[in-house]
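There are 2 protein chains.
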Amino acid sequence: MENFELFGNIEQGKNFLDSIKNGQFLFSFVISYTETCEIPGITFAGADKDSIQFTPPADAEYLHYGYCKTIDKIPMTPDGKPTPGLLTKTALESASIPHFTINAGSKIPPQLPFFDASMTYGKNILNQDAMTDSQISHAVDYGRIIGRSMASLTDCLVIGESIPGGTTTALAVLRALGYDAKVSSSIPNNPVELKNQIVSSALKRVDSDHPYSIVAKVGDPMIPFVAGMLSSASSVSNVMLAGGTQMAAVLAFASKIGFNPENTAIGTTTYITGDTSANFTSLVKEIADIPAIAVNPGLENSQYSGLKAFSQGFAKEGVGAGGSIISSMIKTGNDSSKFLTIAEKEYRRLFTSL
Amino acid sequence: MENFELFGNIEQGKNFLDSIKNGQFLFSFVISYTETCEIPGITFAGADKDSIQFTPPADAEYLHYGYCKTIDKIPMTPDGKPTPGLLTKTALESASIPHFTINAGSKIPPQLPFFDASMTYGKNILNQDAMTDSQISHAVDYGRIIGRSMASLTDCLVIGESIPGGTTTALAVLRALGYDAKVSSSIPNNPVELKNQIVSSALKRVDSDHPYSIVAKVGDPMIPFVAGMLSSASSVSNVMLAGGTQMAAVLAFASKIGFNPENTAIGTTTYITGDTSANFTSLVKEIADIPAIAVNPGLENSQYSGLKAFSQGFAKEGVGAGGSIISSMIKTGNDSSKFLTIAEKEYRRLFTSL
């Protein structure tokens with residue numbers, strides 16, 4: 018396991034890796050939406066403002082088909098850097114890890130068979146409550162149902178997400194729940210000030226310490242849904258939350274509704290754990306006594322600037338890339354160098370065929 | 018395996034049972050709709066004409082929650098005989114077999130998390146084509162995608178369905194594909210004449226021997242979707258088509274689009290294989306060189322008339338009851354007598370609480 022760095026409960030991290038090393042993985046990809054992403058400058062998860070809403074379904078389509086149906090090209094930043102889904106797809110495909118897409122409030126449904134959680138997208142937390150309390154109950158309930166079913170089919174349920182603007186809602190939920198969170202983002206010069214302003218404004222509406230009320234006021238649909246999944250899934254199998262600060266927010270909310278920490282880990286990239294603008298590893302430690310597992314995908318050695326960019330702070334995480342790469346390396350025995358080779362092959366395929 | 022009777026390729030049936038005897042099962046429940054069911058007298062899958070459309074989602078909800086959300090009571094015949102879903106639920110729950118609901122053209126979506134195949138219901142084949150050729154392509158494609166994913170998670174994918182009126186469309190598809198099919202139904206005095214009239218009328222529109230065209234003109238959405246599932250799933254795992262004549266129609270269409278017969282079996286009840294008004298076992302033999310496995314659920318020994326009715330020709334099959342009971346008995350080691358005990362317990366629970 019020399020490919021991975023462990024943080025938090027390190028002993029349990031070793032046990033977690035040991036218990037899944039000969040097991041089967043299932044990747045579930047949760048797509049959602051918060052209108053908070055429409056605030057100018059908050060996210061680059063899309064080529065332009067109007068295309069951001071298509072990023073979650075397009076990520077799902079790309080993972081599935083190898084190309085998108087909802088949009089012409091794969092999701093990318095305005096200057097053409099590809100979605101972290103490229104890393105996820107490379108990881109899952111090279112290890113034959115099956116995956117399902119779950120629509121938990123995406124504005125646009127993906128053009129593929131998906132699990133429908135019958136949820137609607139979240140409102141812009143700058144201006145108004147994201148959801149109602151009953152929408153939170155629904156999200157948790159449906160998350161619990163899907164989490165239990167999926168966990169019963171695998172040794173390790175890996176959960177990734179795509180919700181543009183989600184780091185801001187995650188920041189708001191973490192702060193409202195009492196954590197001194199600094200949040201990473203898909204933009205290298207993380208717009209910390211803008212995010213802090215939005216969060217401060219949103220937090221003024223919080224008038225209760227009930228976690229459902231907090232997530233309803235300043236969160237997004239992904240957080241209660243994935244927390245519900247974790248809650249039930251961790252009682253039957255191992256669960257790896259694949260992501261950075263957004264999964265920390267999931268973990269914080271899940272701590273309120275209950276989950277089994279002994280079967281739970283966060284899986285991410287060293288681009289997140291090494292991000293000095295955020296405080297990811299200490300935050301996870303503060304929230305729950307679980308391990309965080311980080312992989313260095315080795316993209317700094319890439320010959321392609323579009324891949325190298327991930328190691329330079331662009332889209333450091335997302336689409337469950339880190340957790341997928343960890344799962345893939347465990348299943349195949351690949352190291353970072355081998356992973357880079359196949360990621361570059363996928364990069365060439367995309368940028369030749371598009 | 019003394020609980021089961023084998024038909025068709027008996028040697029392969031023994032191998033099939035042997036290869037799943039220590040394995041894990043996954044039940045997928047495909048709900049759909051054909052307006053053909055609105056022809057008076059064609060089905061009793063609902064308390065009255067208006068409630069038939071709610072039967073598929075209500076069956077899904079009952080399997081999942083133990084009660085329905087779309088309607089007040091569980092689906093039943095006009096005179097109060099319960100859905101065969103009662104048998105399915107008892108079977109799955111007693112063996113802890115996980116299940117997923119797939120919406121492949123239900124008129125009403127179920128109130129639970131489900132796989133959405135983005136399909137619409139079929140038209141009444143008495144009057145018009147059921148679907149377009151492109152809808153058939155979509156159904157097959159999405160079926161293939163879901164079938165492959167689900168099969169990769171289990172040793173045996175069991176596929177059941179709920180589509181009221183589906184025996185009539187199955188009859189039409191089988192005849193159009195050249196089989197001399199007699200079709201069973203959920204009504205003891207099977208309305209053979211009415212079905213034959215509808216089918217004869219529908220077959221007049223068939224002007225091509227292309228299987229997509231045939232199913233588009235006289236079939237229903239379930240048939241191409243489940244055939245797609247079988248097509249991909251049978252290349253990665255064992256598949257048990259749980260049902261009677263409707264699954265024979267699936268098998269007939271799947272024979273045209275390709276599937277792996279070595280990993281495929283039909284699982285049903287002896288109420289189907291012993292039905293003298295139909296010719297199920299010889300029909301399966303004519304279509305494909307696969308085994309049919311039949312279980313006697315032992316309901317003729319029940320103290321409750323509502324359960325005894327299944328053995329007397331009411332709703333002899335449906336909601337994948339037969340295949341679920343077979344899977345459950347394999348996993349738990351229960352025999353018919355033990356199964357009857359737990360089915361009666363569920364019957365009491367339902368008819369005390371409702």
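Residue numbers (the working numbering), protein chains in the order written: chain V, 18 to 371; chain F, 18 to 371.
Even glycine gets a Cβ: it sits at the ideal position worked out from N, Cα and C.
Short CB-CB distance (under 9 angstroms) between residue i and chain V
i	result
Tyr-159/F	yes
Pro-130/F	yes
Thr-100/F	no
Asn-120/F	yes
Pro-241/F	no
Gln-41/F	yes
Pro-73/F	no
Leu-371/F	Confidence in Leu-371/F is poor, its pLDDT being 45 and thus under 50, which makes the residue's placement unreliable; the coordinate value appears in the next sentence. It does not: the Cβ of Leu-371/F has no partner Cβ on chain V nearer than 9 angstroms.
Ile-69/F	no
Expected contact under 8 angstroms - CB spacing of residue i and residue j to nearest Å
i	j	result
Pro-238/F	Thr-60/F	The Cβ separation is near 16 angstroms, so there is no contact.
Gly-164/V	Leu-247/V	7 angstroms
Gly-323/F	Tyr-288/F	About 15 angstroms separates the two Cβ atoms, so there is no contact after all.
Asp-67/F	Pro-95/F	At roughly 12 angstroms, the Cβ-Cβ gap does not stay under 8 angstroms, so Asp-67/F and Pro-95/F are not in contact.
Thr-186/V	Gly-236/V	5 angstroms
Val-175/F	Gly-30/F	Wrong, their Cβ atoms sit about 15 angstroms apart, outside the cutoff.
Ala-326/V	Lys-98/V	5 angstroms
Asp-146/F	Arg-222/F	7 angstroms
Ile-37/V	Ile-342/V	With 8 angstroms as the limit, Ile-37/V and Ile-342/V do not qualify as a contact, their Cβ atoms being about 14 angstroms apart.
Member of the options whose CA lies at the smallest distance from the CA of residue i
i	options	result
Glu-178/V	Val-312/V, Pro-101/V, Gly-335/V, Gly-164/V	Gly-335/V
Ser-328/F	Val-267/F, Gly-291/F, Thr-185/F	Gly-291/F
Gln-320/F	Ala-295/F, Ile-289/F, Ala-360/F, Ser-344/F	Ala-360/F
Thr-369/V	Phe-71/V, Ile-91/V, Leu-43/V	Ile-91/V
Ala-259/F	Gly-139/F, Ser-154/F, Ala-108/F	Ala-108/F
Gly-261/F	Glu-279/F, Tyr-229/F, His-227/F, Lys-199/F	Lys-199/F
Gln-70/F	Tyr-82/F, Glu-52/F, Pro-57/F	Glu-52/F
Tyr-82/V	Lys-273/F, Thr-105/F, Ile-162/F, Asn-277/F	Ile-162/F
Ile-304/V	Gly-330/V, Leu-268/V, Pro-314/V, Ser-225/V	Leu-268/V
Ile-265/V	Leu-194/V, Ala-326/V, Lys-234/V, Asn-255/V	Checking the displayed sequence, the identity of residue 265/V turns out to be Ala instead of Ile. Per the Cα distances, Leu-194/V.
Gln-263/V	Glu-19/V, Val-232/V, Lys-106/V	Val-232/V
Gln-41/V	Val-256/V, Leu-316/V, Lys-234/V	Val-256/V
Tyr-196/V	Asn-39/V, Ser-294/V, Phe-270/V	Phe-270/V
Cys-54/V	Gly-122/V, Lys-140/V, Glu-19/V	Lys-140/V
Ile-142/V	Tyr-79/V, Phe-117/V, Leu-80/V, Val-216/V	Val-216/V
Gln-318/F	Ser-354/F, Leu-34/F, Asp-226/F	It should be pointed out that residue 318/F corresponds to Asn in this sequence rather than to Gln. It is Ser-354/F whose Cα lies nearest to the Cα of Asn-318/F.
Ser-218/V	Leu-80/V, Leu-188/V, Ile-342/V, Asp-226/V	Leu-188/V
Ile-114/V	Tyr-84/V, Phe-131/V, Leu-80/V	Leu-80/V
Asp-306/F	Gly-315/F, Phe-117/F, Pro-278/F, Phe-331/F	Pro-278/F
Ser-131/V	Phe-117/V, Asn-39/V, Thr-137/V	Sequence check: residue 131/V is Phe here, not Ser. Closest by alpha carbon: Phe-117/V.
Residue-level contact to chain F via CB, residue i, 9 angstroms cutoff
i	result
Ala-134/V	yes
Tyr-364/V	no
Phe-327/V	no
Pro-92/V	no
His-227/V	no
Gln-145/V	no
Phe-21/V	no
Ser-272/V	no
Ser-166/V	yes
Phe-117/V	yes
Thr-171/V	yes
Ile-162/V	yes
Ser-49/V	no
Ser-111/V	no
Own chain partners of residue i with C-beta closer than 6 angstroms, once the 5 adjacent residues on each side are dropped
i	result
Phe-21/F	Ile-310, Val-312
Asn-296/F	Lys-199
Tyr-229/F	Asp-150, Ile-153
Chain-order list of residues whose beta-carbon lies under 7 angstroms from that of residue i (same chain, five-residue window excluded)
i	result
Thr-349/F	Ser-111, Ala-112
Val-157/V	Pro-241, Ala-244, Gly-245, Ile-274
Asp-133/F	Asn-120
Same chain, Cβ closer than 8 angstroms to residue i, five either side skipped, listed in chain order
i	result
Ser-211/F	A small correction: the amino acid at residue 211/F is Leu; Ser does not occupy that position in the sequence shown. Contacts found: Ile-56, Gly-58, Ile-59.
Ser-135/F	His-155, Tyr-159
Leu-367/V	Ile-91, Pro-99, Leu-103
Thr-87/V	Phe-71, Pro-74, Ala-75, Glu-78, Ile-125, Pro-127, Gln-128
Residue i CB to nearest heavy atom of the ligand GDP below 8 angstroms
i	result
Val-232/F	Of the ligands one can find in the structure shown there are none, so the ligand GDP has no counterpart to examine.
*Count the C-beta pairs between the segment 123-142 of chain V and the segment 75-86 of chain V that are closer than 8 angstroms, then say yes if the count reaches three, no if not.*
yes
*Is the segment 37-55 of chain F touching the segment 230-246 of chain F in the sense that three or more CB pairs, one from each, lie closer than 8 angstroms?*
The segment 37-55 of chain F and the segment 230-246 of chain F touch, with three or more beta-carbon pairs separated by less than 8 angstroms.
*Please determine if the segment 157-170 of chain F and the segment 244-258 of chain F are in contact, where contact requires at least 3 C-beta pairs separated by less than 8 angstroms.*
The segment 157-170 of chain F, when compared against the segment 244-258 of chain F, does touch it at the 8 angstroms Cβ threshold.
*Is the segment 20-39 of chain V in contact with the segment 272-289 of chain V, if contact means three or more CB pairs nearer than 8 angstroms?*
Enough Cβ pairs lie closer than 8 angstroms, so yes.
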